[in-house]
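In order, the protein sequence lines correspond to chains E and G. All residue numbers for the first sequence refer to the working numbering, where the first residue is -3 and numbers rise by one. All residue numbers for the second sequence refer to the working numbering, where the first residue is 168 and numbers rise by one. To start, the structure under review is shown below, and the notes come after it.
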Amino acid sequence: MVRPGVARAQGRRGEIIAGLSERMLTLDPANHYSISATSVLRHVYDPLLDVTNDDKFVPALAESWRPLNTTTWRFTLRKGVSFHDGSPFTADSVVFTLKRVRDNSKLIKSFVYQDIEDVQKDGDYAVTVTTKRPFGSLPAHLTMLGMLPPSAASGEEAFFQKPAGTGPFRFVSWTHGDRVELAANTRYWKPGVPRVEKVTVRFIPELSTRAAALRAGEIHVIDRVWPDMVQTLKGTPGVKVLDTPALEAQRWHFQLARETVKDPRMRKAVSLAINRDVIIKDLLLGYARPVVSPIPPGLIGHTNLGQKPYDPQKARQLLKEAGQSNLTLDFVLMKDLYPKQLEIAQAVAAMLGEVGVKVNIRNLEIATAREQRTAGNYDLFYSGWAHMPHDPDWYFGQWFTKAGAEKLTRFSDPRVEQLIAEGRVPDPKVRQQKYAEIERILWDEEPEIWPYYSVAIYAISDKLSNFEARRDYYVLLHEVGIA
Amino acid sequence: MRSYLLRRLGQAALTLAGVSLLVFVILRVIPGDPAKMLLPEGAPQSAVDALNRELGLREPIWVQYGIFLRSVARGDFGQSFQYRAPALRVVVERAPATIQLAFAAMLLTVLVGVSIGVLAAVRRGTGYDYAGTVLAVLGQSLPNFWLGIMLILLFGVTLRWLPTSGFQGWSYLVLPSVTLAAAVVSMNTTSAAAIPNPPVIPNHPQKGSPPGTPVPKS
């Protein structure tokens, strides 16, 4: 067997520079809910498990895990791993990381882990987590939580100035708002990883600037490309464009307490009047996929319920039946959040106009839009949901329980509420069944319009090898090489 | 003299108080719940409330104003909600780049603007003058966000003479300062060109002065 150090030294060379759209705000994996930060921090920290691009949960720092009962999870840990500061990774690290996020309520992720009752180590390489109620989505959440060394406890602020994880790259520096610099971890536990010596992540929020940097050869990969930038990028020599259906469903949710849309016939009529094909083909240039269930394919619970039909005739009929004429709907948008959202909203307004419904588009600053939503001042709200983590429990719990939806959509359905609670158990077969049932109900009731699944578009330099266009918007460079 | 000083000091204090109140009110009135903006969309209301309490935003408004004033007195700029870091640090981090860019842009403005202006004035009515005018008008009309992107595309992407973004040396300052200077150059040009022609005595140039010496109008 070739000694790992030798094999790696032979393989590793070069520097990759990535241009990401979202600035990092923290180096603490427990203190953010940003897809982009999760992606960057994944290079420095390892979580207990990872999720692959084909939706499988695979071992990282945990070699295996299983539920002992509905409220207990057991994790068996990988041996022979050390942190960048040389200290060994053991069960103490897991206990510390989990208890810290649960107990420090200032941490952004804290509220998710409140269901953890206790974390006990069982020797140095096994941990048992007991929960107050079934927590089937715990493994999914753990893919986003990098493990910290217990030494961080003695001085967190100092620790996060130069954090040590077990990840494929060591942290070198962070210039706030500008870039993060990482260097290869030469003693990483996975052979052949990483494949480059250095990674620099630059933050370039403006898409045309980001694309210009790639086209000028200054950087090697960019994320969050919008459909109208694709032609330009494809036409640039040395640049490749990659796309994949994302784990994200656009959702326009109704304000269910409003007289205008309370009646399910109304909502059905709106749904029938919208030509989703036109939106996908003409406005998004094909960079979207038709929806067949509220949960995108790849997540537990996804089931095929067929596409929603486009039938303006039936829409008019339903509106007449419901006795609604001269209807005006307030359609609230969060400014510049989603590609082509204004054009799409305008198209929808035209489509609804054809069946006699007037649409009032309100394109507001994000903060204002959210306030209006809390206050209930909308009929339809333009939003999306990128599943983070890779589990629909959060989506259902937030939007389809009475407590969760109270200041949002005002949704309330006891059957759905019951199914959500039942879907929390660890057994995937049970979860699949419960979630599929929830989706059938939602598909029928139409509390939301799901116009399309998004497509994630990346552009890379052709010098890169083995880059994977991920469905969860992560840009992961551990196994990417550069010519 | 003393009453004058006291009066001015009093006015200054009043102005400062007014400004502090205005700043405070504007910050509170801007829509948006900081906790809601920091937490992900799906966070429960209890988490939002908890974070708001942490940020001190649940106190009565006059208590918040008091805290605000005390922080001002101590030079404590507080925490930036958006960057989740001490606000002073956020400002200080951006200061070097801002200062260098502003300086470079101003230098360009003065050098280029005044040169074109003087040239246009001295060669009034010639091609230089008209060119100067055209440049001035262009500079003022072209929106700088458009100009910036065009310069990036031309000099960064197509020609690859200059970097497209970032700040790692003097070459990174060129495109941004040209973009910033464009609008202001026009003003310097115009004012430099507006210096009236050196007034000339209708008939008798000063004896002994070299030809072309400006002569005061009588």
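Even glycine gets a Cβ: it sits at the ideal position worked out from N, Cα and C.
Query, Result
"For E/A14, which three-state DSSP category applies?", "strand"
"Helix, strand or coil for E/M140? Go by DSSP, reduced to three states.", "coil"
"Within the stretch 224 to 280 of chain E, note down every full beta strand (DSSP E) run reaching 3 residues or more, in order along the chain.", "235 to 250"
"DSSP state of G/D216, grouped into three classes?", "helix"
"List the DSSP bridge partners of E/V217.", "E/A14 and E/I456"
"Taking E/R70 as the reference, give the member of E/T370, E/F92, E/T124 and E/V54 with the closest Cα.", "E/T124"
"Span of the alpha helix (DSSP H) holding E/F167?", "It is not in any alpha helix (DSSP H) - E/F167 instead sits in the beta strand (DSSP E) that spans F165 to T171."
"Checking contacts by CB at 7 Å: is E/D387 closer than that to chain G?", "no"
"Looking at the structure shown, is E/K304 part of a helix, part of a strand, or coil, going by DSSP?", "coil"
"So E/F327 is in the beta strand (DSSP E); what residue range does that whole segment cover?", "L323 to M330"
"Considering only the alpha carbon of each residue, which of E/P260, E/I276 and E/M143 lies closest to E/P84?", "E/M143"
"Taking its Cβ as the centre, do 16 or more other Cβ atoms sit within 10 Å of E/Q227, making it buried, or is it exposed?", "exposed"
"Under a CB-based cut-off of 7 Å, is E/R211 close to chain G?", "yes"
"Using a Cβ cut-off of 7 Å (strictly closer), state whether G/A217 contacts chain E.", "yes"
"Express the C-alpha separation of E/R366 and G/G199 in angstroms, rounding to a whole number.", "8 Å"
"Report yes or no: is there a C-beta of chain G within less than 7 Å of the C-beta of E/A208?", "yes"
"Please name the residue, chosen from E/R166, E/P55 and E/T93, that lies closest to E/H39 on a Cα-to-Cα basis.", "E/R166"
"What residues from chain G crowd round E/F131, counting only those whose CB sits closer than 7 Å?", "Here the premise fails: no neighbours, minimum Cβ distance about 15 Å."
"What residue range is occupied by the uninterrupted alpha helix (DSSP H) comprising G/A180?", "R169 to V196"
"Exposed or buried, what is E/A371 when buried is set at 16 or more other beta-carbons lying within 10 Å of its beta-carbon?", "exposed"
"I want to see whether chain G comes within less than 7 Å of E/S204, judged by CB atoms only; does it?", "yes"
"Output, in chain order, the set of chain E residues within a Cβ distance shorter than 7 Å of G/V323.", "Position check: residue 323 of chain G holds Gly in this sequence, whereas Val was assumed. The answer, in chain order, is A208 and A212."
"Can you tell me which residues form a DSSP beta bridge with E/L480?", "Here chain E covers residues -3 to 479 and nothing more, so residue 480 of chain E does not appear."
"Below 8 Å CB to CB, which residues in the same chain sit around E/V2 once its five sequence neighbours on both sides are set aside?", "Residue placement at E/V2 cannot be trusted, given a pLDDT of 48 that sits under 50; what the coordinates show is reported in the next sentence. Within the same chain, E/V2 has no close Cβ partners at all."
"Indicate whether at least one CB of chain E lies closer than 7 Å to the CB of G/T265.", "no"
"Can you tell me the Cα-Cα spacing of E/Y109 and G/S213, whole angstroms?", "14 Å"
"Taking a Cβ distance cut-off of 8 Å, strictly less, list which residues of the stretch 324 to 356 of chain G are near chain E, in chain order.", "V324, R327, P330, T331, S332, G333 and F334"
"Mind listing, in chain order, the continuous beta strand (DSSP E) runs of no fewer than 3 residues lying wholly within the stretch 381 to 465 of chain E?", "449 to 457"
"Say whether chain G places a C-beta atom closer than 7 Å to the C-beta of E/I218.", "no"
"Pick from G/V257, G/Y171, G/G242 and G/V285: whose alpha carbon is nearest that of G/F248?", "G/V257"
"Counting along the chain, where does the beta strand (DSSP E) carrying E/D46 start and finish?", "L45 to V47"
"On the criterion of 16 or more Cβ atoms from any shown chain inside 10 Å, does E/A269 qualify as buried, or is it exposed?", "buried"
"Any idea if G/R175 is buried or exposed, counting beta-carbon neighbours within 10 angstroms, 16 or more meaning buried?", "exposed"
"Name the chain G residues whose beta carbon is nearer than 7 Å to that of E/L21?", "Y250 and R251"
"Here's a check: name, in chain order, each residue in its chain whose Cβ is nearer than 6 Å to the Cβ of E/Q116, leaving out the five neighbours to either side.", "T124"
"Residues in its own chain within less than 7 Å of E/I112 by CB, not counting five upstream and five downstream?", "L94, R98, V125 and T127"
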